[in-house]
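Working notes for the structure below.
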Amino acid sequence: MFNQDWTLAQCLFGEHLLSLPANQDKVVAVVESEKTALVCSVQYPDCVWLATGGKSQLSVDKMKVLANRTVVFFPDMDGYHEWTECVKAFTFCRNAKVSDVLEQNATEADRLAKIDIAGLVLREWQSLRRYHEDTPLARVRRMIQEMTERNPVLQTLIDTFGLVPVVDDG
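Listed below in C-alpha coordinates is the structure:
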(Lines of atoms letter the chains of each structure in order from A and count residues from 1; the text may use other names and numbers.)
(Lines give C-alpha, C1' and ligand atoms only; values in the text may rest on other atoms or scores of the structure.)
Protein backbone atom coordinates (compact mmCIF):
# COMPACT_ATOMS: atom_id res chain seq x y z
CA MET A 1 0.00 0.00 0.00
CA PHE A 2 1.21 3.51 -0.81
CA ASN A 3 2.24 5.57 2.22
CA GLN A 4 0.59 9.02 2.06
CA ASP A 5 3.40 10.55 4.15
CA TRP A 6 6.05 9.61 1.61
CA THR A 7 8.02 12.44 -0.03
CA LEU A 8 10.59 12.33 -2.79
CA ALA A 9 14.10 13.41 -1.80
CA GLN A 10 16.41 13.92 -4.77
CA CYS A 11 20.09 13.14 -4.37
CA LEU A 12 23.14 13.75 -6.50
CA PHE A 13 23.82 11.33 -9.32
CA GLY A 14 26.80 9.27 -8.13
CA GLU A 15 26.36 10.28 -4.48
CA HIS A 16 26.84 6.66 -3.39
CA LEU A 17 30.46 6.89 -4.59
CA LEU A 18 31.32 9.30 -1.79
CA SER A 19 31.21 6.53 0.82
CA LEU A 20 33.67 4.23 -0.95
CA PRO A 21 36.96 4.00 0.99
CA ALA A 22 38.99 4.69 -2.17
CA ASN A 23 37.14 7.99 -2.63
CA GLN A 24 37.42 9.41 0.90
CA ASP A 25 40.26 11.82 0.07
CA LYS A 26 39.43 12.53 -3.56
CA VAL A 27 38.35 15.93 -4.77
CA VAL A 28 34.65 15.96 -5.64
CA ALA A 29 33.65 17.45 -9.00
CA VAL A 30 30.02 18.47 -9.47
CA VAL A 31 28.48 18.96 -12.91
CA GLU A 32 24.94 19.47 -14.16
CA SER A 33 24.24 16.38 -16.26
CA GLU A 34 24.67 12.70 -15.58
CA LYS A 35 26.26 12.26 -19.03
CA THR A 36 28.91 14.83 -18.16
CA ALA A 37 29.69 13.07 -14.87
CA LEU A 38 30.19 9.78 -16.71
CA VAL A 39 32.37 11.25 -19.47
CA CYS A 40 34.54 13.15 -17.02
CA SER A 41 34.89 10.20 -14.64
CA VAL A 42 36.51 8.21 -17.44
CA GLN A 43 38.86 11.01 -18.47
CA TYR A 44 39.65 12.23 -14.93
CA PRO A 45 39.31 9.30 -12.50
CA ASP A 46 41.22 11.11 -9.74
CA CYS A 47 38.01 12.97 -8.86
CA VAL A 48 34.61 11.72 -7.73
CA TRP A 49 32.21 13.03 -10.39
CA LEU A 50 28.64 13.81 -9.32
CA ALA A 51 25.74 15.43 -11.16
CA THR A 52 22.94 17.65 -9.90
CA GLY A 53 20.51 16.76 -12.67
CA GLY A 54 20.23 20.35 -13.86
CA LYS A 55 21.41 23.91 -13.35
CA SER A 56 18.59 24.75 -10.95
CA GLN A 57 19.22 21.65 -8.80
CA LEU A 58 22.19 23.15 -6.94
CA SER A 59 20.82 23.55 -3.41
CA VAL A 60 22.21 23.66 0.12
CA ASP A 61 20.15 20.63 1.15
CA LYS A 62 21.40 18.49 -1.73
CA MET A 63 25.03 19.59 -1.23
CA LYS A 64 25.22 18.84 2.51
CA VAL A 65 26.61 15.38 1.68
CA LEU A 66 29.73 17.27 0.56
CA ALA A 67 30.48 18.54 4.08
CA ASN A 68 34.21 18.61 4.84
CA ARG A 69 35.09 17.76 1.23
CA THR A 70 37.06 19.72 -1.35
CA VAL A 71 34.62 20.39 -4.18
CA VAL A 72 34.96 21.94 -7.62
CA PHE A 73 31.76 22.86 -9.43
CA PHE A 74 31.69 22.76 -13.24
CA PRO A 75 28.52 24.48 -14.47
CA ASP A 76 27.42 24.42 -18.08
CA MET A 77 28.27 27.45 -20.19
CA ASP A 78 25.12 29.30 -19.18
CA GLY A 79 25.36 28.55 -15.45
CA TYR A 80 28.65 30.05 -14.30
CA HIS A 81 27.31 33.20 -12.63
CA GLU A 82 24.31 31.45 -11.04
CA TRP A 83 26.46 28.66 -9.59
CA THR A 84 29.10 31.12 -8.38
CA GLU A 85 26.42 32.79 -6.27
CA CYS A 86 24.99 29.47 -4.99
CA VAL A 87 28.37 28.06 -3.97
CA LYS A 88 28.96 30.96 -1.57
CA ALA A 89 26.41 29.30 0.74
CA PHE A 90 28.28 25.98 0.85
CA THR A 91 30.40 26.91 3.87
CA PHE A 92 30.12 23.32 5.13
CA CYS A 93 32.55 22.20 2.38
CA ARG A 94 36.24 22.17 3.29
CA ASN A 95 36.88 24.10 0.10
CA ALA A 96 34.34 24.92 -2.61
CA LYS A 97 35.03 26.74 -5.84
CA VAL A 98 33.47 27.16 -9.26
CA SER A 99 35.70 26.32 -12.21
CA ASP A 100 35.98 28.93 -14.93
CA VAL A 101 37.48 26.49 -17.45
CA LEU A 102 34.53 26.95 -19.81
CA GLU A 103 34.56 30.72 -19.39
CA GLN A 104 38.26 30.76 -20.30
CA ASN A 105 38.29 28.20 -23.14
CA ALA A 106 34.91 28.29 -24.85
CA THR A 107 34.61 29.52 -28.41
CA GLU A 108 31.76 31.75 -29.52
CA ALA A 109 30.06 28.65 -30.98
CA ASP A 110 30.48 26.89 -27.61
CA ARG A 111 28.83 29.82 -25.86
CA LEU A 112 25.89 29.80 -28.25
CA ALA A 113 25.52 26.02 -27.86
CA LYS A 114 25.80 26.35 -24.05
CA ILE A 115 28.25 23.45 -23.90
CA ASP A 116 29.34 21.69 -20.75
CA ILE A 117 32.74 20.44 -19.64
CA ALA A 118 32.09 17.10 -21.37
CA GLY A 119 31.96 19.00 -24.67
CA LEU A 120 35.51 20.23 -24.13
CA VAL A 121 36.71 16.83 -22.91
CA LEU A 122 35.23 15.01 -25.91
CA ARG A 123 36.57 17.59 -28.35
CA GLU A 124 40.07 17.26 -26.87
CA TRP A 125 39.81 13.46 -26.94
CA GLN A 126 38.76 13.52 -30.60
CA SER A 127 41.61 15.88 -31.43
CA LEU A 128 44.15 13.58 -29.75
CA ARG A 129 42.59 10.57 -31.42
CA ARG A 130 42.88 12.19 -34.85
CA TYR A 131 46.51 13.03 -34.10
CA HIS A 132 47.29 9.42 -33.13
CA GLU A 133 45.36 8.07 -36.12
CA ASP A 134 47.42 10.18 -38.50
CA THR A 135 50.89 8.93 -37.57
CA PRO A 136 52.99 7.17 -40.23
CA LEU A 137 52.58 3.84 -38.39
CA ALA A 138 48.80 4.28 -38.23
CA ARG A 139 48.72 4.98 -41.99
CA VAL A 140 50.77 1.82 -42.67
CA ARG A 141 48.42 -0.23 -40.48
CA ARG A 142 45.37 1.15 -42.35
CA MET A 143 47.04 0.34 -45.66
CA ILE A 144 47.77 -3.25 -44.54
CA GLN A 145 44.19 -3.64 -43.33
CA GLU A 146 42.85 -2.46 -46.70
CA MET A 147 45.19 -4.84 -48.53
CA THR A 148 44.22 -7.85 -46.39
CA GLU A 149 40.53 -7.05 -46.89
CA ARG A 150 41.08 -7.19 -50.66
CA ASN A 151 43.33 -10.26 -50.45
CA PRO A 152 42.82 -12.36 -47.27
CA VAL A 153 45.79 -14.60 -48.17
CA LEU A 154 48.03 -11.68 -47.26
CA GLN A 155 46.90 -12.02 -43.62
CA THR A 156 47.96 -15.69 -43.68
CA LEU A 157 51.41 -14.61 -44.90
CA ILE A 158 51.66 -11.95 -42.16
CA ASP A 159 50.60 -14.45 -39.47
CA THR A 160 52.82 -17.29 -40.74
CA PHE A 161 55.99 -15.22 -40.71
CA GLY A 162 55.10 -13.00 -37.73
CA LEU A 163 55.42 -9.85 -39.80
CA VAL A 164 54.92 -6.46 -38.15
CA PRO A 165 54.62 -3.02 -39.73
CA VAL A 166 57.76 -0.90 -39.57
CA VAL A 167 58.10 2.77 -40.41
CA ASP A 168 61.45 4.25 -41.40
CA ASP A 169 61.78 7.52 -39.49
CA GLY A 170 64.88 8.60 -41.29
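Here the UniProt record's numbering is used: the first residue of the sequence shown is 1, the next is one more, and so on.
Glycine included, every Cβ here is placed at the ideal spot set by N, Cα and C.
Item, Value
"Exposed or buried, Asp168, counting other C-beta atoms within 10 Å across all chains shown (16 or more means buried)?", "exposed"
"Residue ranges of each beta strand (DSSP E) run of no fewer than 3 residues wholly in the stretch 60–123, ordered along the chain?", "70–74, 95–98"
"On the CB-based measure, 16 or more other CB atoms within 10 Å of its CB, does Cys11 come out buried or exposed?", "exposed"
"The alpha helix (DSSP H) with Leu50 in it runs from where to where?", "Premise fails: Leu50 lies in the beta strand (DSSP E), 47–51, not in any alpha helix (DSSP H)."
"Leaving out five residues on either side along the sequence, give the residues of the same chain with a beta carbon under 8 Å from the beta carbon of Val60.", "Ala89, Phe90"
"From Met63 to Glu103, what distance separates their C-alpha atoms?", "23 Å"
"Which residue's Cα is closest to the Cα of Ser56: Ser41, Gln43, Thr7, Cys86?", "Cys86"
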